[in-house]
Structures are given as C-alpha cells and as structure tokens.
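Please read the structure below before turning to the comments.
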Amino acid sequence: MNEKQFCITHADLDGAMSYLILCKFLNKKIPVRPISQADFSNYWKKTVLPKIFYFEKIYTLDLEICEDYTFFNYNNVFACDHHTFSVEKGPSLTHCENYLKECTSNSLLLS
242 MNEKQFCITH ADLDGAMSYL ILCKFLNKKI PVRPISQADF SNYWKKTVLP
292 KIFYFEKIYT LDLEICEDYT FFNYNNVFAC DHHTFSVEKG PSLTHCENYL
342 KECTSNSLLL S
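Quick note, the sequence shown lines up with residues 242 to 352 if you use the numbering used here.
Here it is, written out as structure tokens:
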C-alpha cells in the first residue's frame, strides 16, 4: 500500500464500487476512509487539511464538494463526483484535478 496516497469515499455501495474501480485502475490498493456525506466537510477540515501537503494524491469519490470548495483546490487532490453541487463548482477548482459530471452513479464515471 502507498501511504502517500489516500482515498476518502462515500460510505455507500456507489462509493465502495468507486473505490474498487479506482484501485483496479491504479493497479494497487490505497488506504481508504469511508465516510458519510454529513461528516465529510468536518473530517476534511479537521483531519485532512492539516496534513494536505503530506500526501502525493488524495482521492475523493462520490462525495459532494462542500460549500467552501476552496478546501479542495490543491494540486494533489483528485475529486470524482456525480452530484449536482459538485458539478456546478467544478469550473472554480482551478488547481484540483477533477472529474465532475452529473450522472446516475459515481462508479459509472470511473468505469
């Protein structure tokens, strides 16, 4: 496992499937933290942001970008999401690598 890469995914079936597809695509497992949408913003601010530059890459899967999208605007963040709010904020993420597109399932974006 690569400890310099980290994944935060929605704790539902679509989030789990997105993580498995990502691992298949990367051809390796990376540490993962399943989380509810309700806890995501707080977890990001208190746990991830203080260590943001430690990680080479942080993947967020199937999690709607919080209202203060500047928290995600880092070169080492990759956001993949299908929720409307994230898609609308996508153009504002000038540094964050992202794949944001409205569709029925996040795992469809990765497959």
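The C-beta atom is built at its ideal place from N, Cα and C for all residues, glycine as well.
TODO: Could you tell me the distance, in whole angstroms, from the CA atom of N268 to the CA atom of N314?
DONE: Residue mapping note: residue 268 aligns to position 27 of the sequence shown, counting from 1. Residue mapping note: residue 314 aligns to position 73 of the sequence shown, counting from 1. Cα-Cα distance, rounded: 26 Å.
TODO: Please list, in chain order, all residues of the same chain as Y260 whose beta carbon is under 7 Å from its beta carbon, the five residues on each side excluded.
DONE: Along the sequence shown, one-based indexing puts residue 260 at 19. Taken in chain order, the residues that qualify are C248, T250, V273 and L302.
TODO: Can you tell me which of the three DSSP states D322 falls into?
DONE: Numbered from 1 along the sequence shown, position 81 holds the residue referred to as residue 322. Looking at D322 - three-state DSSP - the assignment turns out to be strand.
Task: Run of the alpha helix (DSSP H) containing I262, from where it starts to where it stops - done: In the sequence shown, counting from the first residue as 1, residue 262 sits at position 21. Segment L254 to L267, the alpha helix (DSSP H) holding I262.
Task: C-beta atoms of L349 and S327 nearer than 7 Å - done: The residue given as residue 349 occupies position 108 in the sequence shown. The residue given as residue 327 occupies position 86 in the sequence shown. No, the Cβ-Cβ distance between L349 and S327 is not below 7 Å.
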